[in-house]
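Residue numbers (the numbering used here): 2 to 228.
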């Protein structure tokens with residue numbers, strides 16, 4: 002199924018691994034050392050995993066849930082009709098707001114691809130015209146407009162997916178998820194001069210042009226009138 006599914010398993014297999022003590026956990030919180038997962042923690046993880054599976058089944062039966070043991074994969078990630086969650090996120094506690102944000106991406110996928118396609122057609126047309134006219138300015142402008150439009154499209158649908166989670170009743174969960182991401186970014190900021198450069202003092206990613214800043218998203222959600 003592709004490299005993104007390396008070390009990735011369906012909930013049934015993960016639950017079996019937990020029950021049979023086939024999984025150990027390591028993270029910065031454990032100084033990178035593998036540690037046994039106690040029984041109480043396992044029961045909580047299994048309960049949350051089953052709950053997530055039920056929520057997805059009720060929302061859209063076409064979506065499949067996977068757990069990725071690879072720490073390089075993000076906490077929540079949509080790939081076609083598959084939602085991947087990291088084992089680390091499962092260990093520390095799943096977030097329903099983040100889950101429904103990803104379900105929102107699946108819900109809006111065709112619309113987003115439509116606008117991306119229109120943008121691509123416009124880019125190819127504009128670029129071709131610039132090449133035909135031998136205009137360096139037109140060629141350069143076509144690229145600038147294309148990537149700026151991609152950023153706007155992506156940011157628009159990120160906002161729509163945030164609102165999708167809110168409509169499902171998980172506004173505070175999503176805010177908590179973004180606050181957690183900001184905290185993690187601030188920790189990363191102290192690790193090297195590069196992270197210090199790329200991450201703002203508020204915990205926002207300075208070079209993330211596909212997503213609105215975390216601070217902006219939190220502020221918008223807090224001020225949102227759900228009525």
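Don't be surprised by glycine CBs; every beta carbon is placed ideally from N, CA and C.
Please determine if the region 212-227 and the region 161-169 are in contact, where contact requires at least 3 C-beta pairs separated by less than 8 Å. yes
Should residue 36 be counted as a contact of the ligand NAD given a C-beta to heavy atom distance under 6 Å? Ligands are entirely absent from the displayed structure, and the ligand NAD is therefore not among its contents.
Alpha carbon of residue 126 to alpha carbon of residue 147, nearest angstrom: 11 Å
Restricting to Cα atoms, I'd like to know which of 37, 122 and 9 is closest to residue 21. 37
Could you give the distance in angstroms between the alpha-carbon of residue 24 and the alpha-carbon of residue 108? 33 Å
Is residue 218 buried or exposed, if buried means 16 or more other CB atoms sit within 10 Å of its CB? buried
Out of curiosity, what's the CA-to-CA distance linking residue 103 and residue 156? 14 Å
Skipping 5 residues on each side, what residues in its chain have a beta carbon closer than 6 Å to that of residue 211? 155
Could you give the DSSP three-state label for residue 206: helix, strand or coil? strand
My output table needs one value for residue 182: the three-state DSSP class, helix, strand or coil. helix
Can you tell me whether DSSP reads residue 42 as helix, strand or coil? helix
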